[in-house]
Amino acid sequence: MKKVDYLSPIGVIEITGTEEAIYDVSYTDKQQVEYAFKENLPHAVKDCYTQLDEYFTGERMEFDLPFKLEGTPFQQEVWQALREIPYGKTGSYRDIAVAIKRDKAVRAVGAANSKNKISIIFPCHRIIGASGKLTGYAGGLWRKEWLLEHEQKLLNT
């Protein structure tokens with residue numbers, strides 16, 4: 001398992017993976033890069049770094065990466081449903097519950113969403129409250145707001 005730090009407009013993001021898959025894409029509190037990009041990084045990690053760069057520069061709207069997420073079957077369903085929310089759009093926990101045919105599992109969807117280890121790529125930032133307000137986000141609401149504005153701005157250009 002190898003790590004690399006990606007310096008994004010919303011802080012340092014740590015990517016963890018192997019040659020075959022990405023395991024974690026997480027926000028950090030780091031002020032600077034600790035794990036620098038190196039040519040000998042595993043293929044999947046280098047691809048993730050490149051695709052994040054393309055996302056932040058506005059060249060990429062969808063990620064195409066191999067990943068490995070460990071979780072319950074329910075969590076896996078929720079995380080896959082997150083990937084169905086289009087770039088620049090938002091959904092609610094209820095929307096995800098309905099999408100996975102578990103209409104009453106709104107709170108459980110929220111709990112599963114909070115355990116998503118592959119931020120941005122599995123776009124939990126696109127989940128907002130049923131009222132339309134921004135709701136909790138592990139990376140902080142300011143990051144969520146930035147990501148949503150970033151996607152909207154690029155869709156409107």
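Going by UniProt numbering, the letters in the sequence shown line up with residues 1 to 157, in that order. Here a beta-carbon is modelled for each residue, glycine too, at the ideal position from N, C-alpha and C.
Checklist line | CB of Tyr87 within 8 Å of CB of Ile127, strictly | finding: In the sequence shown, the residue the question calls residue 87 occupies position 87. In the sequence shown, the residue the question calls residue 127 occupies position 127. Contact: no.
Margin query: For Phe67, list the residues DSSP reports as bridge partners.
Written below: Here residue 67 refers to the residue found at position 67 when the sequence shown is read from its first residue. Its beta-bridge partners are Ile22.
Margin query: Quick check on the burial criterion: 16 or more other C-beta atoms within 10 angstroms. Buried or exposed for Gln32?
Written below: Start at 1 with the first residue of the sequence shown, and residue 32 comes out as number 32. So Gln32 counts as exposed.
Margin query: Assuming contact is defined by CB atoms lying nearer than 8 Å, are Lys115 and Gln75 in contact in what I supplied?
Written below: Counting from 1 along the sequence shown, the entry for residue 115 is found at position 115. Counting from 1 along the sequence shown, the entry for residue 75 is found at position 75. Yes. Within cutoff.
Notebook entry, point to check: Can you tell me whether Leu155 is buried or exposed, with buried defined as 16 or more other CB within 10 angstroms of its CB?
Noted result: The residue you call residue 155 lines up with position 155 of the sequence shown. Exposed, by the Cβ-count rule.
Next item on the list: Just list the alpha helix (DSSP H) runs in the segment 60 to 113, keeping only unbroken ones of 4 residues or longer that don't cross its boundaries, in chain order.
Entry: 73 to 82, 93 to 99, 106 to 113
Item checked: Helix, strand or coil at Val4 [DSSP, three-state] -> By 1-based counting over the sequence shown, the position of residue 4 is 4. Of the three classes helix, strand and coil, the one that applies to Val4 here is strand, per DSSP.
Check: Using a Cβ-Cβ cut-off of 7 Å (strictly less than) and excluding sequence neighbours within five positions of Asp85, which residues of its own chain qualify?
Finding: Taking the sequence shown and counting its residues from 1, one reaches residue 85 at position 85. It should be pointed out that residue 85 corresponds to Ile in this sequence rather than to Asp. The residues are Gly91, Pro123, Arg126.
Check: Is Ile120 near Leu65, with beta carbons less than 8 Å apart?
Finding: Sequence index remark: in the sequence shown, residue 120 carries index 120 (1-based). Sequence index remark: in the sequence shown, residue 65 carries index 65 (1-based). For Ile120 and Leu65, no; Cβs fall outside 8 Å.
Notebook entry, point to check: Beta-carbon separation of Tyr23 and Ile13 under 8 Å?
Noted result: Counting from 1 along the sequence shown, the entry for residue 23 is found at position 23. Counting from 1 along the sequence shown, the entry for residue 13 is found at position 13. It is not a contact, given that the beta carbons lie outside the stated cut-off.
Check: How would you label Asn40, buried or exposed, when you count the other beta carbons within 10 angstroms and need 16 or more for buried?
Finding: Stepping through the sequence shown from its first residue, residue 40 is reached at position 40. Classification of Asn40: exposed, given that the 10 Å Cβ count is below 16.
Margin query: According to DSSP, simplified to helix, strand and coil, what is Glu151?
Written below: Working through the sequence shown from its first residue, we reach residue 151 at position 151. Glu151 falls in the helix class under three-state DSSP.
Notebook entry, point to check: DSSP state of Thr57, grouped into three classes?
Noted result: Numbered from its first residue, the sequence shown carries residue 57 at position 57. Note: Thr57 maps to coil in three-state DSSP.
Next item on the list: Using 10 angstroms around the beta-carbon of Gly58, count the other beta-carbons present and answer buried if the total reaches 16, otherwise exposed.
Entry: For the purposes of this step, residue 58 is identified with residue 58 of the sequence shown, where counting begins at 1. Under this definition Gly58 is an exposed residue.
Check: Relative to the C-alpha of Glu77, which residue among Leu69, Lys68, Glu62, Ile100 is closest?
Finding: Reading the sequence shown from its first residue, position 77 is the one you call residue 77. If we check each option's Cα against that of Glu77, Ile100 comes out closest.
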